[in-house]
Every structure is written in C-alpha cells, then in structure tokens.
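In this note's numbering, the protein residues as written are -2 to 98.
All residues carry an ideal CB built from backbone N, CA and C; glycine is no exception.
See below for the structure under consideration.
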Amino acid sequence: MYARRASQLLKELDACEPGQLVVFNSDVFDQVIRECGEHNAQFQALIRKMVEQNLDIETTRNEDHYGAAIHHLSLLRNKRCLMAYMYTIQISHRALSPLQC
C-alpha cells in the first residue's frame, strides 16, 4: 500500500540491462490499479464523512483531513509511477523496433 507496488514496477525496469526487451508485468500493474481503487474509495469516504459533519474541507485540519491527504498523495504517486512505467516500456520497445515512426 502507499505506492510500494508501483515503485516496485520502476525498480524492476531499473534492474534491466539497457537495450533489453522489457516484459510488461501485468500482475503487479493490476495490483497497483486495484490499490488506486482502494485509495480512491478511502479518500471519498473520508471527504464524505467531513461533509456529513458540516466541516469545511478547505480549512479543517483533523485526522480525517490528513488521512484524505495521504490517500490523495498515494493516488498521485501511483499515477506517476504507472505513467513512468508505461512510458519507459514504450520507449524501450520503440528503440528495438525496426520501424521508426
């Protein structure tokens, strides 16, 4: 949780030799997508709880606010890691392709 699996994808890419064909790790990728769904559900639940308590989401600084912030930042980190993973694989496959577009 908290983007450890997403960073694992990037560590796998970093361990590969330059010019080596990288195999897409769909198992871990799918786990990260599920983790994003869990973070989103938790984030929405915390925000909903704050709204039900008539708290101002912008100015309230309580445990729900900080919990929502952690889930939001984890979503952003997962997104950045997945985008970097996809981009790096795409670049490595394009470099090995005989057709240059």
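Quick check: Val25 and Glu9, are their CB atoms within less than 9 Å of each other? Judged by beta-carbon spacing, Glu9 lies within the 9 Å limit of Val25, meaning their Cβ atoms are closer than that value.
Can you tell me where the alpha helix (DSSP H) holding Gln87 begins and where it ends? Element bounds for Gln87: 60 to 93.
Near Leu6, what residues of its chain come up, given a Cβ to Cβ distance below 8 Å and the 5 sequence neighbours on each side ignored? Excluding sequence neighbours, Leu6 sits near Asn22, Val25, Phe26, Val29, Cys78, Leu79, Tyr82.
Specify the secondary structure class of Gly34 as computed by DSSP and reduced to three states. In the structure shown, Gly34 sits in a helix (DSSP, three-state: H, G or I).
Looking only at C-alpha atoms, which of Val19, Ala65, Arg2 sits nearest to Leu93? Of all alpha-carbon atoms in Val19, Ala65, Arg2, the one lying nearest the alpha-carbon of Leu93 is that of Val19.
Can you look up Phe21 in the DSSP assignment and give me helix, strand or coil? Correct three-state label for Phe21: coil.
Assuming Cys33 and Leu72 are in contact, meaning their beta carbons sit under 8 Å apart, how far apart are those beta carbons, in whole angstroms? That pair is a contact at about 6 Å.
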